[in-house]
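Student:
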Amino acid sequence: MKAVRIEGLTKRFWDVVPLDNINLEIEEGEIYGFLGPNGAGKSTAINIVCGLYFRRDGKKLYIGDT
């Protein structure tokens, strides 16, 4: 069962696009790492999943039983 599933996520901050059409699936009970250089959008993606930021576009954002 998937704990988090994101399809087509895009986030813009004015003319900066840290996330562009991101797809992500995280399985329940698994441990994942989220790696990338500074400014790659790691914190932005996590903040959207936690509800701290609103997403710009995205087909689906599931949290829980998917």
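Under our numbering, read the sequence shown as residues 1 to 66, first letter to last.
Heads up, the beta-carbon is just placed ideally off N, CA and C, and yes, glycines get one too.
1. Measuring alpha carbon to alpha carbon, tell me which of Tyr32, Glu28 and Leu9 ends up nearest Ile22.
2. If you draw a straight line from the C-alpha of Glu30 to the C-alpha of Gly64, how long is it?
3. Using 8 Å for Cβ pairs, my map puts Ile26 next to Lys2. What's the rounded Cβ distance?
4. Looking only at its own chain, which residues have a Cβ that is under 7 Å from the Cβ of Thr44, when we skip the five neighbours before and after it?
5. Using the three-state DSSP reduction, which class does Ala3 fall into: helix, strand or coil?
Tutor: Considering the structure as presented:
1. For the purposes of this step, residue 22 is taken as the residue at position 22 of the sequence shown. Residue Leu9 holds the alpha-carbon nearest to the alpha-carbon of Ile22 among Tyr32, Glu28 and Leu9.
2. Indexing the sequence shown from 1 puts residue 30 at position 30. Indexing the sequence shown from 1 puts residue 64 at position 64. Using only the alpha carbons, I get a separation of about 14 Å.
3. Residue numbering aside, residue 26 sits at position 26 when the sequence shown is read from its first letter. Residue numbering aside, residue 2 sits at position 2 when the sequence shown is read from its first letter. Confirmed, about 7 Å.
4. Position 44 of the sequence shown holds residue 44. The beta carbon of Thr44 sits closer than 7 Å to those of Lys11, Pro18, Leu19 and Tyr53, all from its chain and outside the five residues before and after it, given in chain order.
5. Position 3 of the sequence shown, counting from 1, holds the residue named residue 3. Strand, per DSSP.
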